[in-house]
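Residue numbers (the working numbering), protein chains in the order written: chain H, 176 to 337; chain W, 90 to 624.
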């Protein structure tokens, strides 16, 4: 059973306001796409997964979200990040992407691992919705005649009499 | 404290690559051999590749970092004073559970770096001494490869090479365009059914445990044979210290069982097989009146000369689909820049290990952190330009021994049993820095020759402390080494070390094959000297 299905109220690692900032932030970082028929990272199922996955890093995430909110309030007349209009959120996210800190590195890793295991996203990428094992995959053998130039050049190692 | 003063003949600490090999080779002596392992047996059915979220578990319970993994069977490592963080795994099989199985031998020149290049020290043995043990180990582990590599003296291949695939062909053409060496990597991955293991099914998840059982982790290679021959493996046994008697001989070990109970086990011979961080940790924690600075440490060298392999990552983006997440990570290697070339601004050299491709999560993480995949608008379009279209290499750079690179005991940090955690202090040398730069430049040329439209680089790889060597080095001089030329402590005549900590130099290749060959060599020497072992 995936994290998308198992979230309980007691699992919630962040306060409600922090969750709203996080929801807005992840939706701005990976928005939904009509062109590719994919949800955004703020999709309810994916966001549930993110909330569960945040757990071991809840402290750094909570602190980072508070910083972003403070930044938003300073620059937008007291308006918090979750309440910014979409274009202002986008501008802020663009700036964040150019000033990575440990919080943002952690957040990117969490968003990526939750987003890119969602069945809808995987299907849109053309991936089979199954684990690698036991079926595995096919990898072509390749053209071993490519080694001929290497063979022709001869020995490369140093001889040592030991 | 529960005590067993009924000594076992041989007590091995650590059930990883070297402990397994030693246990197996000693089993024929019919001695009572017990291996204490702090971790568990792993169940391959529970490996990440058996579940759909396989890739994301490399960031949690199958992380290479013990500090991120945080299993109850792990111990923390303080690596804040190092640009390279320790990677390992604790369990039966040790770090072979998570290694790639990229499996080169050392070269003859690697054992003579002082004589040939005027740096570091020569080993007290040579390639020819180890060659029979390399061959024996190759059969036990099952090595895929292609005979005839011009970068090595002749060596047989146990199984055919792993497939080139799309990625290998693209990069092979790149190397050919530059006129440089490449060859199918020797891999500890079965390309055919072997010794009860099925052949590789191209799961693409070698470094988070092979559910197929094709990758030769020592829990499924050496250990079944050793256990059938009578060796015992006791799991969830975490050794705190090795005890000694008034004759400067090891008397046994004090350890904690899975419930945290302190226990003692007496032994006639004690063998450390915990690799370059775990072994000095136990030695330094084995303080007694006779060894106030730690066991086998009268010359102060235990924990010093720590060597990683500084890694550079060089990957290219191509305009056509490659192997991506499919296939074993291993593919080909290049040793064009392996041997010292005086025209360069560094000594020694490196191996290029081609890493076939990356999965969907790794593509996103590296793309978003490197600025290649934008945050917000354009994410999906750019992601698709990278997904399954990245391949490249890592450069495994030889690290030279330096006294100031150390493993010590952290004064505050402990594991769950209260045993002091290891503290790493490591500085990247100027020689390594120049070698990394050179490797990136040449790697970029290869990728561009192969048709890459963009090149992503990183050096050193911060999480890349996979190879842990040199902290209890071997040698003939008791003033300059911790163990002698067959792995026996100079100070404690019934104490042996068989892991990467005894390496004199690191070479520029993955070390596991040499660690295991050395372990077999030491085991064979023990067997030949049984009646005079402590003389």
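Glycine included, each C-beta is placed from N, C-alpha and C at the ideal position. Predicted model, so just to flag it, every value in this text is computed and none were measured.
query: Do you know offhand how far residue 285(W)'s Cα is from residue 233(H)'s?
result: Residue 285(W) and residue 233(H) have their alpha carbons spaced roughly 44 Å apart.
message: Using a Cβ-Cβ distance cut-off of 7 Å, determine whether residue 268(H) contacts chain W.
response: Output row for residue 268(H): interface = yes.
- request: Output yes if chain H places a C-beta closer than 7 Å to the C-beta of residue 197(W); else output no.
  value: Using beta-carbon distances, residue 197(W) counts as an interface residue toward chain H, with a partner under 7 Å.
task: Mark residue 500(W) as exposed unless 16 or more other C-beta atoms lie within 10 angstroms of its C-beta, in which case mark it buried.
output: With fewer than 16 other Cβ atoms within 10 Å, it is exposed.
message: Would you say residue 188(H) lies against chain W (beta-carbon separation less than 7 Å)?
response: Against chain W, the CB of residue 188(H) has no partner CB under 7 Å away; the residue lies outside that interface.
- request: Can you have a look at residue 252(H) and say buried or exposed, based on whether 16 or more other CB atoms are within 10 angstroms of its CB?
  value: Classification for residue 252(H): exposed.
message: Check for me: the alpha helix (DSSP H) holding residue 153(W) runs from which residue to which?
response: In the DSSP assignment, residue 153(W) falls outside any alpha helix (DSSP H), carrying neither H nor E.
message: Can you give me the C-alpha to C-alpha distance between residue 135(W) and residue 298(W), rounded to a whole angstrom?
response: Distance from the CA of residue 135(W) to the CA of residue 298(W), rounded to the nearest whole angstrom, comes to 9 Å.
Any chain H beta carbon closer than 7 Å to residue 241(W): Yes, residue 241(W) lies at the interface with chain H (some Cβ there is under 7 Å from its Cβ).
task: Please go through the same chain and pick out, in chain order, the residues whose beta-carbon is closer than 6 Å to the beta-carbon of residue 96(W), but skip the five residues on each side of it.
output: Shown here for residue 96(W): same chain residues with a beta carbon closer than 6 Å to its own, the five before and five after excluded, namely 355, 356 and 357 in chain order.
field: Where the alpha helix (DSSP H) containing residue 456(W) begins and where it ends
entry: Element bounds for residue 456(W): 449-459.
message: Restricting to runs no shorter than 3 residues, where is the beta strand (DSSP E) found entirely within the segment 318-368 of chain W?
response: Correct list: 321-323, 327-333, 339-345 and 351-361.
task: Tell me, please, whether the CB atom of residue 247(H) is closer than 7 Å to any CB atom in chain W?
output: It does not; no Cβ of chain W falls within 7 Å.
Chain-ordered chain W contacts of residue 253(H) [CB-CB under 8 Å]: Annotation: residue 253(H) has no Cβ neighbours in chain W at a cutoff of 8 Å; minimum Cβ distance is about 24 Å.
- prompt: Applying a beta-carbon distance threshold of less than 7 Å, which residues of chain W neighbour residue 330(H)?
  reply: Those within 7 Å of residue 330(H) in chain W are 239.
task: Return the bridge partner residues of residue 97(W) from the DSSP annotation.
output: Looking at the DSSP assignment, residue 97(W) forms a beta bridge with 356(W).
- prompt: Among 104(W), 555(W) and 363(W), which residue has its Cα nearest to the Cα of residue 310(W)?
  reply: Nearest to residue 310(W) by alpha-carbon distance, out of 104(W), 555(W) and 363(W), is 104(W).
- prompt: From residue 196(W) to residue 142(W), what distance separates their C-alpha atoms?
  reply: Counting only the Cα atoms, residue 142(W) lies some 40 Å from residue 196(W).
- request: Would you mind sorting residue 186(W) into buried or exposed? The rule is 16 or more other CB atoms within 10 Å of its CB.
  value: Classification of residue 186(W): buried, given that the 10 Å Cβ count is 16 or more.
- prompt: Residues in the segment 207-219 of chain H with C-beta within 8 Å of chain W's C-beta atoms, listed in sequence order?
  reply: Hits within the stretch, in order: 208, 210, 211 and 213.
- prompt: How about residue 330(W) and residue 375(W): are their beta carbons less than 7 Å apart?
  reply: Residue 330(W) places its beta carbon less than 7 Å from that of residue 375(W).
query: Are the CB atoms of residue 539(W) and residue 263(W) nearer to each other than 7 Å?
result: Going by C-beta atoms, residue 539(W) is nearer than 7 Å to residue 263(W).
query: Shortest alpha-carbon distance to residue 295(W) belongs to which of 476(W), 561(W) and 444(W)?
result: That would be 444(W), whose Cα lies nearest to the Cα of residue 295(W).
- prompt: Tell me which same chain residues have a C-beta within less than 7 Å of the C-beta of residue 206(W), skipping the five on either side of it?
  reply: Excluding residues within five positions, the ones whose Cβ falls inside 7 Å are 429, 436 and 437.
- prompt: Which same chain residues, not among the five before or five after residue 195(H), have their C-beta less than 7 Å away from its C-beta?
  reply: For residue 195(H), where only same-chain residues beyond five positions count, the Cβ hits under 7 Å are 257.
- request: Could you tell me which chain H residues have their CB closer than 8 Å to the CB of residue 558(W), listed as they occur along the chain?
  value: Residue 558(W) does not reach chain H, its nearest Cβ partner there being about 20 Å away, counting only Cβ pairs nearer than 8 Å.
- request: Say whether chain W places a C-beta atom closer than 7 Å to the C-beta of residue 151(H).
  value: Given that chain H is displayed from residue 176 to residue 337, the structure contains no residue 151(H) and the question cannot be resolved.
- prompt: Which of helix, strand or coil does DSSP assign to residue 176(H)?
  reply: For residue 176(H), the pLDDT reaches just 44, beneath the cut-off of 50, and the residue's location in the model is therefore unreliable, although a value from the coordinates is still provided. In the structure shown, residue 176(H) sits in coil (DSSP, three-state: anything other than H, G, I, E or B).
field: Status (buried if at least 16 other CB within 10 Å, exposed otherwise) for residue 505(W)
entry: Residue 505(W) comes out exposed.
task: Mind checking which residues open and close the alpha helix (DSSP H) that includes residue 481(W)?
output: For residue 481(W), there is no enclosing alpha helix (DSSP H); the residue is found in the beta strand (DSSP E) stretching over 479-486.
- prompt: What is the rounded straight-line gap between the Cα of residue 611(W) and the Cα of residue 237(H)?
  reply: C-alpha separation (whole angstroms): 53 Å.
- prompt: In its own chain, which residues sit with a C-beta less than 8 Å from the C-beta of residue 209(W), not counting the 5 before and 5 after it?
  reply: Excluding positions up to five away in sequence, the list reads 202, 203, 489, 490, 593 and 594.
- request: Determine the contact status of residue 563(W) and residue 213(W), defining contact as a CB-CB distance below 7 Å.
  value: Contact flag set, yes.
message: Spatial neighbours of residue 182(W) within its chain, please: C-beta separation below 6 Å, excluding the five flanking residues on both sides.
response: For residue 182(W), where only same-chain residues beyond five positions count, the Cβ hits under 6 Å are 306, 307 and 308.
message: Does the CB of residue 278(H) have a neighbour CB from chain W at under 7 Å?
response: So no, residue 278(H) is outside the interface.
First through last residue of the beta strand (DSSP E) which encompasses residue 496(W): DSSP places residue 496(W) inside the beta strand (DSSP E), whose first and last residues are 495-503.
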